[in-house]
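Structure, as structure tokens:
Numbering (our numbering), first residue to last: 1052 to 1094.
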């Protein structure tokens, strides 16, 4: 359990690897909203 927590913590705090998008591929926009928050993910 401790190893899983340490792995998750490391993945959430390390810098992401950013790459240029492939403009020939389709994009997906997923969004959700409630009375308290709004969020979106571009994938």
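Using N, Cα and C, we set each Cβ at its ideal position, and we do this for glycine too.
Here the structure is a predicted model, which means the values were calculated and not measured.
Query: Inter-residue spacing [alpha-carbon to alpha-carbon] between residue 1053 and residue 1092; Result: 29 Å
Query: N- and C-terminal bounds of the beta strand (DSSP E) containing residue 1083; Result: 1080–1084
Query: Beta-carbon proximity of residue 1079 to residue 1094, cut-off 8 Å; Result: yes
Query: Contact set for residue 1067: own chain, Cβ-Cβ below 7 Å, skip 5 residues either direction; Result: none
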